[in-house]
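Peer 1: Please find one structure pasted underneath; my questions will follow.
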Amino acid sequence: MKFLRRFFIRLTNLATGRRADQRLREEMAEHLALQTEENLRAGMSPTEARRQAALKLGAAQAIREHHHAEQSIPLAENFLLDLRFAFRMLYRSPGFSLVAIATMALGVGATTAIYSVIDATLLHPLPYPHPSELVRLEANLPGVGAHDVGVSIPELRDLQNSGIFQYVSLSFFGTNNLTGSAQPTSIVSKSVSPSYFAVLGADAQLGRTFDPHDATPGFNLEVVISDGLWKRAFGADPHILGKSLRLDNDLFHVVGVMPASFRDQGRNSDERSTDLWAAAGFYGDPAPPPMRGTRFPFETIARLQPGLSPLAAQGRLDALVASLKKQYPADYPPQAAWTIHLTPLAETLVGNVRQSLILLSGAVGLVLLISCVNVANLLLARASGRGREIAVRQALGAARTRLIRQLLTESLLLFVLGGITGFAVLFCARKFLLRFVPESLPRLNDISISWGVLAFAIVVSVAAGTIFGLAPAWLTSRLNLTVTLGQAGRGCNGSRQRSRLRRVLVIGELALSLVLMVAAGLLLRSFWDLFKVQLGFNPSRVMAIETSLPNPNDPKTDIYHTATQEAVLLREVLRRNRTIPGVEETAVSDRAAIPLGHGQNDRRAVPLFREGQEEQSSQPPLIDTSIVSPEYFRVLGMTVVRGRLFADQDLEATPLVAVINQAAARMYWPGKDGKGEDPVGKRVRLLGRLGRARPDWTTIVGVIADARTESLADSGIPQMYLDIYQRPAKFLAFYLRGQVDPAAIPAQVRTQIQSVDAELPVFRAETLDDVLSSSLSVRRFSMEMVALFAATALLLAGLGIYGTISFLVNEQSREIAIRLALGAQRRNILKMVLRQGLTLAAAGAGVGLVGALIVSHLMAGLLFGVSPYDLSTFAGVTAVLTAVAIAASYVPALRAMRLDPITTLHAE
Amino acid sequence: MKEKPDVLQGTLALMVLKTLDVLGPQHGYGIARRIEQISGDLLAVNQGTLYPLLLKLENEGSIASEWGASENNRRARFYRLTAAGRKQLREETRDWEQTAAIIARFFKVKAEDLP
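In order, the protein sequence lines correspond to chains A and B.
Read in order, the letters of the first sequence are residues 208 to 1115 in the working numbering.
Read in order, the letters of the second sequence are residues 8 to 122 in the working numbering.
As structure tokens, this is what we get:
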């Protein structure tokens, strides 16, 4: 308490600049007067009395200093003095200050930008209470190579009752048609177990969420809507609760509105922008009866019991799985090796972006490091010019620690000013910069330049300033007084250590930028290879536009229940689309078939029973299927290599047909000798999503060439295409090929579709080229960023080497002048300086190559079509670095060569 | 000449407080004189060191000060004990006596007293 009181008074004095000097002087004068009087009374002469009084009081100046120190806080006061001095130093050499601050602004700004992205995505991916308790469950059948097969309702109940979790919830998201308002819209909706919101720990802003103990077998006809939908479709109606809305022709009533801050969890941006949640028990209409073997390929998320670690939970889960296997041997054949794997939800959401973000943060860390090294280098360079000043200070009695403190204050000021500048630039340009971030990045909307980010920027600058300011300050303050002062005006010859440190710093800079450039080069080549890859289909001049058909809970009310019913609509819309000016060809498919489109998650793996092979087996292989119209292959320019494509005579009443790609032919009909047998004519049974009892035979009629429709990086994914006139699809994409105006098309197609059925929403019109380019967005983003960082690094390294060589030339100017005076060839001088630059570059490249090998090995997963040890990239980058090093040393080398020996030696 | 022992910081503060307690408000010279007298000139307070200490005590709230007129009618700064200072003095006196008692007992003990 007393200590605090004293501290605050001193702090106030410091802040207000209050001085008690006058008071002390008066007190001391009075003291002396009284003492003198007393001495006089004791019989001393007046002079002696005064002298004795002064002696007894002690050294007046020392007392005043003590008094002042007590009055204020000397440490802080000195800091303020240092700071004022540091500002004056900055002001005195504006060029140096500007370069140093700009360099740091670059480093800290870039780091802070990447940090803000990582903060939103990696560090806080789940905006829910106790996010560490949230896990995702994935059931696998590794024995038959099936992953994420989902859980069945009895299994869900077992999990719920296991005591491992507070709540377990099934969910799947899709789209529904919201009709009744002016324009039918397709909204992203999620069918969830009633415990879904309890798992997330989220509550409604209006009304309520679902009762986690609700036991309605099918849909309970209650929905919770998002704040966005509430405002968009219902004008933020405060009396929304209890009102009904029509979803796919079924009536639901609204029981709750989620707050604006609530965002659903999910692995893609569609899912994260869910607008409506409907609760279902998944064991009554429209779901099949709850059988242990009827697994829903849905997402299972759960909230662990408090305090239970994911690892411990996995252990208990394994025990549960083992006991279930014993209890129901028929449902869990040992060869399938059923397991349930638990992953922290946060990890599963970031997924593939994680790697890219780690790469980016690594790259930006290197840029920061290089900027710091550069500024440290500048500080060292300036230090040699200030040798005299430091020597004089030392000669006047400044302690070394005091000098270091002062020099450190100067460098800290530079770093912090740089950091604040970087942050300010970032803050002003945030809108502009965010446009470069790909939309597929999770939680893009939550990226913000907040106080936390500012704190990060300042902490980084202070830490960097301390680390990189300390060494120069240490070396600067360490000099030999007599030598330095003795050199009188000749400029300090710089200590050996200082120039050694400068060389080390430059070598480090060069090495780091080489690492970055190699990373950028490899990414660039991967991207280029991906970009130039043979697609196997032709996306140019093709537009895709989506619609979706209602999927009511009661199939009897579905007017598009059978393929024949749907065919009427499809043929009419296709016919009308062909009449749009400029359209040459049209086709339709389900959403999953949009090449590289967002519907990839719909491309569900379907169990494949091959005739004569898996008929008895309960664990068939899985194959990705999509449903297309006969024209699909022609519109997309996919070529048939064997058999035929779909034809007009393939209808619901005729035998089911399928087309597969070459990869599927290779994988599933490899032939006895591995040479491949002709799959055309082979028959398979495809188990539907929810497992109809015994589906009809499907005959394979044709094989098409492999195309990269599912993944740009992989052409060899087995695919099976089914005929849309035989199997109805609810989520449709219409394709238009021809000379069309992408801006006008959506309205034109909407008119055509809605003149057939006015209840159908029409949305998401994209050219396939755009789809293709956005599928590369994360890769492009990380490539562009790393390339940008590498360029920055190269620039900084160039500046660093330029600075160091110039400095060396300056230091050696006397030596060079003497050599010239003694008749050295100017060309030799040039060579000598260039050699110094080259030596630095070679050392930097050597160290950098080792680092680059390690880094490229680590980033192998991000590469495509290029080896992480690609010789040409490594060689090219080294050549570029060497060229930059030579160019940067050339200017000071020229200056050295043109040195006039007479002037130089006279100046000494 | 044998040097007079220097006064420890903490002890000096205690002396200042006690002086003010006994004599009431005093100026710096008065306090210095008093300490010198009581210690029987054995203790040399370098009188100037008193002033930073007085400021510290004042900042801590143990004493307060104001201008007043000295014996010979000149402006002088008078220090007085505050309530907090009185409390501090009581506590420190007790502590000091305790310590002194313990030390005294140690000195008294002879080898044969030990069991």
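Just so it is clear, CB atoms sit at the ideal spot from N, CA and C, and this is done for glycine as well.
With DSSP as the reference, label E818(A) as helix, strand or coil.
Peer 2: In the structure shown, E818(A) sits in coil (DSSP, three-state: anything other than H, G, I, E or B).
Peer 1: Kindly identify the DSSP beta-bridge partner or partners of E506(A).
Peer 2: DSSP, once it has assigned bridges, lists S378(A) as partnering E506(A).
Peer 1: Measuring alpha carbon to alpha carbon, tell me which residue in S578(A), R986(A), L552(A), R212(A) is nearest I508(A).
Peer 2: Among S578(A), R986(A), L552(A), R212(A), the Cα nearest to that of I508(A) is on L552(A).
Peer 1: If distances are taken between C-alpha atoms only, which option among A519(A), V749(A), R703(A) comes closest to E791(A)?
Peer 2: Checking every option, the nearest Cα to that of E791(A) belongs to V749(A).
Peer 1: Using a cut-off of 8 angstroms between C-beta atoms, extract the partners of G1055(A) located in chain B.
Peer 2: In chain order: nothing, as chain B lies at least about 58 angstroms away.
Peer 1: From G888(A), W904(A), T861(A), pick the residue whose C-alpha is nearest to that of Y932(A); which is it?
Peer 2: Out of G888(A), W904(A), T861(A), T861(A) has the C-alpha closest to the C-alpha of Y932(A).
Peer 1: Please work out which residues of its chain come closer than 6 angstroms, Cβ to Cβ, to R705(A), disregarding the five sequence neighbours upstream and downstream, and give them in chain order.
Peer 2: Cβ neighbours of R705(A) beyond the five flanking positions: L587, L682.
Peer 1: Report all residues from its chain with a CB closer than 7 angstroms to the CB of P338(A); omit the five preceding and five following residues, and keep chain order.
Peer 2: Excluding positions up to five away in sequence, the list reads A553.
Peer 1: Is there a Cβ of chain B sitting closer than 7 angstroms to that of E234(A), yes or no?
Peer 2: Yes, E234(A) counts as interfacial toward chain B.
Peer 1: Count the other C-beta atoms from every protein chain shown that fall within 10 angstroms of the C-beta of D948(A), then say buried if there are 16 or more, exposed otherwise.
Peer 2: Classification of D948(A): exposed, given that the 10 Å Cβ count is below 16.
Peer 1: Please report the residue range of the alpha helix (DSSP H) in which P186(A) lies.
Peer 2: Residue 186(A) cannot be examined here, being either before or after the span of chain A that is shown, 208 to 1115.
Peer 1: I want to see whether chain B comes within less than 7 angstroms of L264(A), judged by CB atoms only; does it?
Peer 2: Cβ-Cβ to chain B under 7 angstroms: yes for L264(A).
Peer 1: Out of N220(A), V835(A), V306(A), point me to the one whose CA is closest to Y942(A)'s CA.
Peer 2: Nearest option by C-alpha distance: V835(A).
Peer 1: If you draw a straight line from the alpha carbon of T243(A) to that of A261(A), how long is it in whole angstroms?
Peer 2: Taking the straight line joining both Cα atoms gives about 9 angstroms.
Peer 1: Can you pull the chain B residues whose beta carbon is under 9 angstroms from the beta carbon of Q278(A), in chain order?
Peer 2: Within chain B, the residues near Q278(A) are P59, L62, N66.
Peer 1: Just the chain B side, please: which residues come within less than 8 angstroms of Q242(A) by C-beta, in chain order?
Peer 2: Chain B residues near Q242(A): Y36, Q54.
Peer 1: Using 8 angstroms as the cut-off, can you tell me whether the segment 398 to 416 of chain A makes contact with the segment 426 to 433 of chain A, which would need three or more C-beta pairs spanning the two stretches below that distance?
Peer 2: With the cut-off at 8 angstroms, the segment 398 to 416 of chain A and the segment 426 to 433 of chain A touch.
Peer 1: What are the residues of the segment 81 to 93 of chain B that lie near chain A, defined by any Cβ-Cβ distance shorter than 7 angstroms?
Peer 2: Result list: R81, R82, A83, R84.
Peer 1: Rounded C-beta distance between V795(A) and A954(A)? I'm assuming under 8 angstroms.
Peer 2: V795(A) to A954(A), Cβ: 19 angstroms. No contact.
Peer 1: Quick one: does H274(A) have its CB under 7 angstroms from some CB of chain B?
Peer 2: Answer yes: the Cβ-Cβ gap between H274(A) and chain B drops below 7 angstroms somewhere.
Peer 1: Taking R971(A) as the reference, which of R841(A), H805(A), I1061(A), V1084(A) has the closest Cα?
Peer 2: Taking only the C-alpha atoms, the option nearest R971(A) is H805(A).
Peer 1: Any C-beta of chain B sitting closer than 7 angstroms to the C-beta of E237(A)?
Peer 2: Closer than 7 angstroms: yes.
Peer 1: What residues from chain A crowd round S77(B), counting only those whose CB sits closer than 9 angstroms?
Peer 2: Near S77(B) (Cβ distances below 9 angstroms), the residues of chain A are E237, A240, L241.
Peer 1: Please report whether the beta-carbon of R213(A) lies at a distance below 7 angstroms from any beta-carbon of chain B.
Peer 2: So, interface residue.
Peer 1: Under 7 angstroms, do I830(A) and M724(A) count as touching if we go by C-beta distance?
Peer 2: Against a cut-off of 7 angstroms, the Cβ pair of M724(A) and I830(A) comes out as no contact.
Peer 1: Grab the span of the alpha helix (DSSP H) containing Y403(A) for me, first residue to last.
Peer 2: It spans 403 to 407 - the alpha helix (DSSP H) in which Y403(A) sits, taken as one unbroken run.
Peer 1: What's the C-alpha gap between H1064(A) and L731(A)?
Peer 2: Taking the straight line joining both Cα atoms gives about 16 angstroms.
Peer 1: Please tell me whether A729(A) and L1070(A) are closer than 7 angstroms, where the distance is taken between their beta carbons.
Peer 2: According to the sequence as given, residue 729(A) is Leu; it is not Ala. Cβ atoms of L729(A) and L1070(A): closer than 7 angstroms.
Peer 1: For R217(A), go through chain B and note every residue whose CB falls closer than 8 angstroms to its CB, in chain order.
Peer 2: Within 8 angstroms Cβ-Cβ: N66.
Peer 1: Measure the Cβ-Cβ separation of N384(A) and S393(A) and say whether it is below 7 angstroms.
Peer 2: Going by C-beta atoms, N384(A) is nearer than 7 angstroms to S393(A).
Peer 1: Since I270(A) meets chain B, which of its residues come closer than 8 angstroms, beta carbon to beta carbon?
Peer 2: Under the 8 angstroms cutoff, chain B gives G55, T56, Y58, P59.
Peer 1: Give every residue of the same chain whose Cβ lies closer than 8 angstroms to the Cβ of E779(A), excluding the five residues on either side of it in the sequence, and list them in chain order.
Peer 2: Within the same chain, E779(A) has close Cβ partners V963.
Peer 1: Is there at least one Cβ from chain B nearer than 7 angstroms to K438(A)'s Cβ?
Peer 2: No, because no Cβ of chain B sits closer than 7 angstroms to the Cβ of K438(A).
Peer 1: Under 7 angstroms between beta-carbons, which chain B residues line up against L231(A)? List them in chain order, please.
Peer 2: Per Cβ cutoff of 7 angstroms: Y58.
Peer 1: Is the beta carbon of G1072(A) sitting closer than 7 angstroms to the one on A914(A)?
Peer 2: Taking 7 angstroms as the Cβ cut-off, G1072(A) and A914(A) do not qualify as a contacting pair.
Peer 1: Would you mind telling me which residues of chain B sit closer than 8 angstroms to K638(A), beta carbon to beta carbon, in chain order?
Peer 2: By Cβ distance, chain B contributes nothing, its closest Cβ being about 51 angstroms from K638(A), past 8 angstroms.
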